[in-house]
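Contents: one structure, followed by commentary.
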Amino acid sequence: MLSLAKQNELKDEILKERLDDILPPLMLECGIDAWIIASREYNEDPLFHALTPSRFVTARRTTILVLAMKDGKAERYCVNMHDDELERYYVQDYDAQKETQMEALTRVLQRLDAQKIAIDVSDHFAYTDGLSVGLYRQLMNELPKELTDRFVSSDDIGIRFLETRSPKELEIYPEVMKIAVEIIEDTFSKERIVPGKTTCRDLMDYMEQRVNDLGIVTWFESTIDLQRADGMHGEGCVIERGDLLHCDFGIRYLNLCTDTQRLCYVSKEGETQIPAELVRAVERNHRFQDIVRSNMKIGASGNEVFVNSIEMAKKEGLRPVLYTHPLGFHGHAAGPTIGLFSNQHPIPVKGDLKLHDHTAYALELSIIEYLDCYQRDTYIFTEESVVLEGNEVSFLASGRNSIYMI
């Protein structure tokens, strides 16, 4: 783990790379002249932290960022009170002694002559719906109509910016993933699991404590469950020999999220190997992973990937369930939805988004297999963090071929 100072230094280096190199071509691609991100203190827009430096932890009173393209060149402004940290990345353009914030914002937008102005209001996407009602009313009431008539939703630019990973992010992502995998391996070990005594809740608490001790966070509650002959059981269940354990675990470190599901078999007395039918079931699950990877091509929609993958898997005799999602600054991140666990059909709007280069995904899926050792249909759950670059989907960590064994 890096020191906090080094973490902040690296996060700010990535912010500069994203603002300088990633954002401008995306604004040109989306046809956006200016993008307003406005936040009140402690009610920040979901995009706020993706656009501000590490030590600028909350909006100050009201913080207004303006990202613009003028004559093919990128310009960045902050229309708010002075702050040294923020002004390393944005030009401060507001004098509280001479004008109101809305007057200053009007002046900036008119100088830019922005014709298409994006604001964070969306009917479909949470990440681009962060403009509060109060601030929206203020913009509509205090900016001239000639500017408010140019407002459009930031759906396109917001999603494209959030989903695109910079070269530095792609470089460090495997290191972030390594931390997550090491915690899983430590949890699924004989030092942590005592059959007949340890509960799923014990393991969940251990994972959460490890993350807390490292000074980082999980982006959702760590999950441990198990399957056995009498069904699937959750956190209060005592782990017994012969159980198939499953974890779902994701951390957030250096502004990047991981999302991983791995399996662990608790051996019966005298067993020295994982049952062959369970090994074969996991291998069939990996075949489904590879089918999905083969369909994840730049320009394909999430729904196209879903439909093609399910059809291919069924033709090979698999019973597939597909629910892959984008990964990055958030865990369930901006970008195309590729199926939902609770809805195995094409997903309107969110599933219609297309896959782009330099993006990351949680390759989350399962197959259903009848296993004699449990005398029932059994879910083989897996999830691996992957990146899509140049139509190739690669894993951020090794180890997908292994089942941990106690």
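Residue 599 in this note's numbering is what sits at position 306 of the sequence shown, and the numbering runs on without skipping anything.
Glycine residues also receive a C-beta, built at the ideal position from the N, C-alpha and C atoms.
By the DSSP assignment, the alpha helix (DSSP H) with residue i in it spans what residues?
{"i": "residue 429", "result": "426 to 435"}
{"i": "residue 454", "result": "448 to 456"}
{"i": "residue 602", "result": "595 to 608"}
{"i": "residue 307", "result": "297 to 310"}
{"i": "residue 438", "result": "438 to 441"}
{"i": "residue 399", "result": "394 to 405"}
{"i": "residue 579", "result": "569 to 588"}
{"i": "residue 545", "result": "Taken as a continuous stretch (DSSP letters only), residue 545 belongs to no alpha helix (DSSP H), being part of the beta strand (DSSP E) at 544 to 546."}
{"i": "residue 498", "result": "493 to 506"}
{"i": "residue 322", "result": "316 to 323"}
Can you tell me which of the options puts its alpha carbon nearest to the alpha carbon of residue i?
{"i": "residue 561", "options": "416, 699, 345", "result": "699"}
{"i": "residue 440", "options": "409, 422, 541, 446", "result": "409"}
{"i": "residue 651", "options": "479, 473, 454", "result": "454"}
{"i": "residue 286", "options": "583, 411, 639, 368", "result": "The requested residue 286 does not occur in the structure, where the chain is confined to residues 294 to 699."}
{"i": "residue 437", "options": "475, 395, 421", "result": "395"}
{"i": "residue 508", "options": "648, 467, 547, 485", "result": "547"}
{"i": "residue 617", "options": "609, 600, 481", "result": "600"}
{"i": "residue 310", "options": "534, 559, 324, 459", "result": "459"}
{"i": "residue 590", "options": "626, 625, 565, 631", "result": "631"}
{"i": "residue 694", "options": "663, 644, 571, 609", "result": "571"}
{"i": "residue 491", "options": "619, 427, 529, 429", "result": "529"}
{"i": "residue 585", "options": "480, 623, 544, 656", "result": "656"}
{"i": "residue 666", "options": "658, 691, 537", "result": "537"}
{"i": "residue 470", "options": "402, 552, 320, 495", "result": "552"}
{"i": "residue 496", "options": "425, 477, 393", "result": "477"}
{"i": "residue 405", "options": "361, 444, 430, 315", "result": "361"}
{"i": "residue 609", "options": "479, 619, 583, 596", "result": "583"}
{"i": "residue 320", "options": "349, 298, 407, 376", "result": "407"}
{"i": "residue 550", "options": "534, 513, 411", "result": "513"}
{"i": "residue 428", "options": "400, 337, 489, 484", "result": "337"}
{"i": "residue 559", "options": "307, 484, 649", "result": "484"}
{"i": "residue 643", "options": "300, 690, 597", "result": "597"}
{"i": "residue 653", "options": "300, 467, 499, 296", "result": "467"}
{"i": "residue 522", "options": "625, 649, 672, 412", "result": "672"}
{"i": "residue 592", "options": "684, 403, 472", "result": "684"}
For residue i, collect the residues of the same chain with a Cβ closer than 6 Å to its Cβ; drop the 5 residues on either side in sequence, then sort them by chain order.
{"i": "residue 613", "result": "581, 603, 606, 660"}
{"i": "residue 688", "result": "677, 679"}
{"i": "residue 675", "result": "554, 578"}
{"i": "residue 539", "result": "518, 556, 674"}
{"i": "residue 367", "result": "317"}
{"i": "residue 663", "result": "670"}
{"i": "residue 379", "result": "349, 371"}
{"i": "residue 567", "result": "558, 696, 698"}
Quick check: what's the CA-CA separation for residue i versus residue j?
{"i": "residue 669", "j": "residue 576", "result": "19 Å"}
{"i": "residue 569", "j": "residue 482", "result": "21 Å"}
{"i": "residue 493", "j": "residue 542", "result": "13 Å"}
{"i": "residue 328", "j": "residue 344", "result": "12 Å"}
{"i": "residue 313", "j": "residue 623", "result": "21 Å"}
{"i": "residue 392", "j": "residue 435", "result": "13 Å"}
{"i": "residue 463", "j": "residue 681", "result": "10 Å"}
{"i": "residue 326", "j": "residue 696", "result": "51 Å"}
{"i": "residue 704", "j": "residue 475", "result": "Look at the range of the chain in this structure, 294 to 699, and you will see that residue 704 is not part of it."}
{"i": "residue 633", "j": "residue 385", "result": "43 Å"}
{"i": "residue 296", "j": "residue 611", "result": "46 Å"}
{"i": "residue 450", "j": "residue 302", "result": "26 Å"}
Could you pull out every residue in the same chain whose Cβ sits closer than 8 Å to the Cβ of residue i, ignoring the five residues on either side in sequence?
{"i": "residue 354", "result": "333, 334, 373, 374"}
{"i": "residue 452", "result": "418, 420, 421, 627, 628, 646"}
{"i": "residue 389", "result": "374"}
By Cβ distance, which residues of its chain are closer than 7 Å to residue i, with the 5 residues on each side in sequence left out?
{"i": "residue 383", "result": "358, 369, 370, 371"}
{"i": "residue 415", "result": "421, 422, 446, 448"}
{"i": "residue 305", "result": "346, 347"}
{"i": "residue 381", "result": "346"}
{"i": "residue 488", "result": "532, 533, 534, 559"}
{"i": "residue 588", "result": "598, 601, 602"}
{"i": "residue 425", "result": "333, 336"}
{"i": "residue 686", "result": "586, 589, 679"}
DSSP state of residue i, grouped into three classes?
{"i": "residue 481", "result": "coil"}
{"i": "residue 678", "result": "strand"}
{"i": "residue 412", "result": "strand"}
{"i": "residue 376", "result": "coil"}
{"i": "residue 624", "result": "coil"}
{"i": "residue 349", "result": "coil"}
{"i": "residue 329", "result": "strand"}
{"i": "residue 471", "result": "helix"}
{"i": "residue 517", "result": "strand"}
{"i": "residue 476", "result": "helix"}
{"i": "residue 294", "result": "coil"}
{"i": "residue 645", "result": "helix"}
{"i": "residue 460", "result": "helix"}
For residue i, report the span of its beta strand (DSSP E) as first-last.
{"i": "residue 557", "result": "553 to 558"}
{"i": "residue 370", "result": "366 to 371"}
{"i": "residue 615", "result": "613 to 615"}
{"i": "residue 524", "result": "524 to 526"}
{"i": "residue 391", "result": "Counting along the chain, residue 391 falls outside any beta strand (DSSP E), and DSSP gives it neither H nor E."}
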